[in-house]
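These protein sequence lines map, in sequence, to chains A and B.
Going by my numbering, 86 is the number at position 74 of the first sequence; the sequence numbering is gapless.
Going by my numbering, 66 is the number at position 54 of the second sequence; the sequence numbering is gapless.
2 protein chains.
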Amino acid sequence: MDFNKVIDLLKNSGYKLTNQRKIIIEALYHSDKPISMEEWLLLTKDKNPGINLSTIYRNIDVLEDLGLLEKIRPKDDSIKYTLNLMENHSHFLICKRCGKAEAIECCLSKEFKKVIEDKEFDLIEHNLELYGYCKECHNELDKK
Amino acid sequence: MDFNKVIDLLKNSGYKLTNQRKIIIEALYHSDKPISMEEWLLLTKDKNPGINLSTIYRNIDVLEDLGLLEKIRPKDDSIKYTLNLMENHSHFLICKRCGKAEAIECCLSKEFKKVIEDKEFDLIEHNLELYGYCKECHNELDKK
DNA sequence: ATTTCTGCAAAGGGTTTGCACGTAT
DNA sequence: ATACGTGCAAACCCTTTGCAGAAAT
């Protein structure tokens, strides 16, 4: 989904397009990885120093309402945010060193689904986070 | 791992076995599902009404140090705790209605691993949470 | 004109911490 | 005897909220 589609969805849902809102969403949209609240604030203040933290928090609600926000909660108890624009459900390969996150398409295995089915469990949603080292960081670490 | 093994591990790691600590760990040990801090406190107060919240929080650190604690962070932003006693890496089928959690063994599919390998990503660990309705709750919901 | 949105500051709620006392070893 | 652990209360920090003014429709 391109940025204009996001804005259209926003407007069509009855939300107003303010300067702050645009900047807040843009920051997430252009980030290549999930970001923390602190990073999000810095990115927005870069474009409009007057933006208040609470405005971002309030826009989290908006993005959640639109179904566009993905909250990632790593094992380190931090919270990171990213836009969920993919039509297919996806997951992230998260680098433990540089923090870069790359989306990959979901594919729970057939055997996995079979195990769940056998337990007569009605699976609605799932959450998968994969941690390791990206190619670049792996190479860097090897050098040492 | 049975309860005495947990206690042995605790002692062998240099921690003292206090009445509170025993009760706190026992509560988790005997729960058949991951519990919230509130539930944990109630379970411990049941055995020793004087136990303080901060004591549980401090014992979380101990259990994490021992590698025995599993923190589950559902999409609803809550945090639940459970002991991780299985030797095999496992995941939970978590019921969205009754909260019951059942461990299942891990099996990332071969295709999944292939995708990751192709990206030359060095996978270290992963975290999978599966949400839905258990058989019983599914039946209950059908009745309505 | 009307409704929604924002900045500000204060309140809230879960978690952590300092300290003096208590307990396990 | 000593080091570790606990209860209590205060401190912390992130997030939420009430309000009055500002901006979008």
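C-beta: ideal position from N, C-alpha, C; glycine also.
Proximity winner among the options, relative to residue i (alpha-carbon distances)
i, options, result
"V74 (chain A)", "A:L29, A:D88 and A:C149", "A:L29"
"S66 (chain A)", "A:E148, A:K112, A:M49 and A:R85", "A:M49"
"N31 (chain B)", "B:N96, B:D44 and B:I63", "B:I63"
"E161 (chain A)", "A:L120, A:I19 and A:P46", "No answer is possible for residue 161 (chain A): it lies beyond the span of chain A, which begins at 13 and ends at 156."
"I116 (chain A)", "A:G26, A:K108 and A:F104", "A:F104"
"E152 (chain B)", "B:I36, B:L95, B:C118 and B:C110", "B:C110"
"C107 (chain A)", "B:I91, B:K112 and B:E137", "B:E137"
"V18 (chain A)", "A:N96, A:D154, A:Y143 and A:I128", "A:N96"
"E141 (chain A)", "B:E51, B:Y69, B:L120 and B:H42", "B:L120"
"D44 (chain A)", "A:N71, A:Y93, A:E148 and A:Y27", "A:Y93"
Whole-angstrom distance between residue j and residue i, CA atom to CA atom
i, j, result
"E114 (chain A)", "K23 (chain B)", "42 angstroms"
"N139 (chain A)", "K156 (chain A)", "34 angstroms"
"C146 (chain A)", "G79 (chain B)", "26 angstroms"
"S25 (chain B)", "D77 (chain B)", "9 angstroms"
"P61 (chain A)", "E51 (chain A)", "14 angstroms"
"Y41 (chain A)", "M13 (chain A)", "10 angstroms"
"H150 (chain B)", "G144 (chain B)", "9 angstroms"
"K112 (chain B)", "L21 (chain B)", "27 angstroms"
"N16 (chain A)", "Y69 (chain A)", "22 angstroms"
"Y27 (chain A)", "I72 (chain B)", "43 angstroms"
Start and end residues, beta strand (DSSP E) containing residue i
i, result
"I136 (chain A)", "D134 to Y145"
"L105 (chain A)", "S102 to C107"
"L95 (chain B)", "K92 to L95"
"K83 (chain A)", "L81 to I84"
"I116 (chain B)", "A113 to E117"
Own chain, CB closer than 6 angstroms to residue i, minus 5 neighbours either side, in chain order
i, result
"K59 (chain B)", "I35"
First through last residue of the alpha helix (DSSP H) which encompasses residue i
i, result
"T67 (chain B)", "L65 to D77"
"I36 (chain A)", "N31 to H42"
"M13 (chain A)", "Taken as a continuous stretch (DSSP letters only), M13 (chain A) belongs to no alpha helix (DSSP H), as it is neither H nor E."
"I47 (chain B)", "Element bounds for I47 (chain B): n/a, residue is neither H nor E."
Cβ-based neighbour list, residue i, same chain, cut-off 8 angstroms, excluding 5 preceding and 5 following
i, result
"K91 (chain A)", "For clarity, residue 91 (chain A) is Ile in the given sequence; the question names Lys instead. Closer than 8 angstroms at Cβ, skipping near neighbours: S48, M49, K83, I84 and R85."
Sequence-distant residues of the same chain with beta carbon closer than 7 angstroms to residue i, five excluded per side
i, result
"S102 (chain B)", "A115, I116, E117 and C118"
Please confirm if the stretch 39-57 of chain B is in contact with the stretch 127-138 of chain B, defined as three or more CB-CB distances below 8 angstroms between the two stretches.
Too few Cβ pairs lie closer than 8 angstroms, so no.
On the three-pair Cβ rule with 8 angstroms, is the stretch 118-129 of chain B touching the stretch 87-97 of chain B?
The stretch 118-129 of chain B is not in contact with the stretch 87-97 of chain B.
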